[in-house]
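Protein chains in written order, with the working numbering: chain R, 96 to 462; chain W, 10 to 469.
Glycine is no exception: its CB is placed at the ideal position from the N, C-alpha and C atoms.
Read the structure below first, then the notes.
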């Protein structure tokens, strides 16, 4: 190719790329929702004199143009691939893959966040749990605890982190579950642990609180693939996980009441509609809910347990109901701690604070 | 993203559709839309500046040779300086006054109009050039197009009126020129999006980190030095490339400054349009070096004080200008001759002071600069290495290598060497469109994935 022809090719090729992408951006139908990122995408902003003069239109148009760009997911994949394989970056937006497992770097340690979480727990203890039977605290190390060091990524010093956190929650009896967990107990593509792998954790927690579980379950497998939250974020082709869930007569007989709408309403221990939805992990105790009350009609005891928890608690709670007549799951990310007294009776209950390091290290969402 | 795939494509399509005599008008409309998109309320300021520049230009020409011409020139200078003083420096002077006197004069909290330093300097260069004999622009659209032209409006290069006066009246478009422009634009975009942004992220990581070490300070200092070069020169490349697409030939703004053998040479290769502006409109009118030695040194001090101040209304920028004034003075007093005798030391010397200078440039205050310098040399028993520093060095290692190589003429020379042979030339001609297409798609991918990334020089 001579110089003259090259100039024509350069001009035509680049013009074609920009023209095709631009035309697609201008005329492509609006995409409402990004499955890979699990969020609603920005729409064309309101065009008025006021929004233009205030600059609001321009700011929102920027979001719109990014969110609605043609082949957006493919471009995100291209960027992710370039970061890992062209520039040899150790992570892309904090996400990394090691041995087929995807994780997000949890670093650095935030003492302020730890203190914030501890203060919230102390408030709950002081306000509601003075007459509780027993108050317990356990920390779930996130996936990085089992993969970051080996893969050369930044990670917390988990033993000192947990030990310091336990010191800050000194009013509660600590139950150590770290020795029971390994990387295989987590989904490869998601933040959470696998229910079928944490029976021993449920047993340890229940035993420490004076209860007992049989450990006998039927393992059920969801047919649809589970693309965890990290799949969309890392934007690279990865094999999906499979969700398994455990049932037995006790679990099947339980009734659940949720307060997501502010009023009590019946919810499912394993919600099959949510299992088929955007985030199948939400099937466990029907996903995010400020308060869920699980009643065990066949219980041979009148003991009650309140679990203050994050989303990890959704999948372990069903395994712990056997020892209690009632288990109440409280998620103070969705309800003010000061309001709990209107919904939950803490008299003579066991109380367990069960939180992952991810939440403790970024605890602004706790109310 | 709106700039590339909405605004720019539409502007280029219409530009090549409209007849020749309407091309300037279209560029002006597009430029005002571009400016209004970022700062609708400051459109009035820009349009008023253009009107003032246009009228004064005509008056200066009309009364050329008479004293009143000088008066009009002074009026233009005062108007430009007053604009900058009010919009850019008012709060700086008030807070400095408050600090010295202990008073609490309230700050004005005036938002800085985007690109005000660039277009004010262009306007000044126009009026001064007219005063010196250049023909005044009778056509207000042409003058407005020159002042407001969007490719270089917000981050330069500072285009001198005399350099493009003829092109504003008549210019040619060709596949060759367009291809050159496209190539330059894509290279500039890639420098900004693929390299500068990555290094900028690393600087942000350092500043947010609580785990500092000597090596981390150096990683930050080198990363910022490369970041500012790739950011700014990338933007200049984009502006020059777009200029070519629209038929203009803007002068170069960078010429591999990090290979310089002296600070004097560095400033001939870095932000050349600003350097030559100060040389021609401040340094030489002050007498340059053809005056008594002490006066020449004073001239250097004044020019570099203004250069530092031009970059921002903060003491670190003033100090940054003075820092280079001292180095340039020392070189003038004899160091330059010594440096010429060395081969390696002169480059180490330049890079050391350039890095130290850019650490000052990016510091929030002179105190932060001192603290950062302390960190670079292990003051206060700082550990030499930290796990975080090692992690980021490993993660950004290739970006650093690409950045270091890319800031030298090695790639350019290699391409020329390969092109010298017939087969090599053919191979390059085949590869060039492919590489440019891949870079364009990669930039799109990075922009889609990333959040808003304002160019660094927008704040000037």
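Spatially closest choice to residue i from the options, by CA coordinates
i, options, result
"residue 256 of chain W", "W:158, W:423, W:237", "W:158"
"residue 101 of chain W", "W:116, W:89, W:92", "W:116"
"residue 169 of chain R", "R:160, R:131, R:221", "R:131"
"residue 197 of chain R", "R:284, R:343, R:258, R:298", "R:284"
"residue 423 of chain R", "R:433, R:431, R:409", "R:409"
"residue 415 of chain W", "W:167, W:354, W:291, W:264", "W:264"
"residue 413 of chain R", "R:364, R:288, R:454, R:397", "R:364"
"residue 231 of chain W", "W:305, W:150, W:24, W:208", "W:208"
"residue 114 of chain W", "W:51, W:261, W:106", "W:106"
"residue 185 of chain R", "W:408, W:84, W:244, W:262", "W:408"
"residue 288 of chain R", "R:120, R:446, R:235", "R:235"
"residue 178 of chain W", "W:49, W:150, W:419, W:301", "W:150"
"residue 434 of chain R", "R:456, R:354, R:393, R:394", "R:354"
"residue 274 of chain R", "R:259, R:263, R:253", "R:253"
"residue 445 of chain R", "R:400, R:426, R:456, R:459", "R:400"
"residue 66 of chain W", "W:74, W:82, W:389", "W:82"
"residue 258 of chain W", "W:186, W:386, W:384, W:58", "W:186"
"residue 28 of chain W", "W:15, W:126, W:144, W:182", "W:182"
Distance, residue j Cα to residue i Cα
i, j, result
"residue 425 of chain W", "residue 340 of chain W", "34 angstroms"
"residue 36 of chain W", "residue 180 of chain W", "14 angstroms"
"residue 456 of chain W", "residue 372 of chain W", "27 angstroms"
"residue 99 of chain R", "residue 449 of chain W", "21 angstroms"
"residue 337 of chain W", "residue 247 of chain W", "30 angstroms"
"residue 142 of chain W", "residue 135 of chain W", "11 angstroms"
"residue 180 of chain R", "residue 173 of chain R", "10 angstroms"
"residue 140 of chain W", "residue 79 of chain W", "8 angstroms"
"residue 26 of chain W", "residue 141 of chain R", "31 angstroms"
"residue 402 of chain W", "residue 205 of chain R", "23 angstroms"
"residue 132 of chain W", "residue 370 of chain W", "26 angstroms"
"residue 306 of chain R", "residue 124 of chain R", "57 angstroms"
"residue 192 of chain R", "residue 322 of chain R", "15 angstroms"
"residue 197 of chain W", "residue 244 of chain W", "6 angstroms"
"residue 367 of chain W", "residue 318 of chain W", "15 angstroms"
"residue 371 of chain R", "residue 319 of chain R", "7 angstroms"
"residue 466 of chain W", "residue 241 of chain W", "Here the model assigns residue 466 of chain W a pLDDT of 44, short of 50, so the residue's position is not dependable and the matter cannot be decided."
N- and C-terminal bounds of the beta strand (DSSP E) containing residue i
i, result
"residue 153 of chain R", "Run containing residue 153 of chain R: none in the beta strand (DSSP E); it sits in the alpha helix (DSSP H), 151-162."
"residue 402 of chain R", "399-404"
"residue 362 of chain R", "360-362"
Within-9 angstroms CB hit, residue i to chain W
i, result
"residue 112 of chain R", "yes"
"residue 422 of chain R", "no"
"residue 186 of chain R", "yes"
"residue 139 of chain R", "no"
"residue 153 of chain R", "yes"
"residue 398 of chain R", "no"
"residue 287 of chain R", "no"
"residue 432 of chain R", "no"
Residue-level contact to chain R via CB, residue i, 9 angstroms cutoff
i, result
"residue 192 of chain W", "yes"
"residue 15 of chain W", "yes"
"residue 206 of chain W", "no"
"residue 321 of chain W", "no"
"residue 195 of chain W", "yes"
"residue 100 of chain W", "no"
"residue 181 of chain W", "no"
"residue 420 of chain W", "no"
"residue 215 of chain W", "no"
"residue 247 of chain W", "no"
Chain C within 9 angstroms of residue i, Cβ atoms only
i, result
"residue 101 of chain R", "The displayed structure is made up of protein chains R and W, and chain C is not among them."
Span of the alpha helix (DSSP H), counted from its first residue to its last, around residue i
i, result
"residue 61 of chain W", "52-71"
"residue 96 of chain R", "Unbroken run through residue 96 of chain R: none, as it is neither H nor E."
"residue 254 of chain R", "253-263"
"residue 316 of chain W", "302-320"
"residue 236 of chain W", "223-254"
DSSP beta-bridge partners of residue i
i, result
"residue 321 of chain R", "R:336"
"residue 232 of chain R", "R:269, R:448"
"residue 387 of chain R", "R:353, R:424"
"residue 341 of chain R", "R:314"
"residue 192 of chain R", "R:197"
"residue 187 of chain R", "R:190"
"residue 129 of chain R", "R:134"
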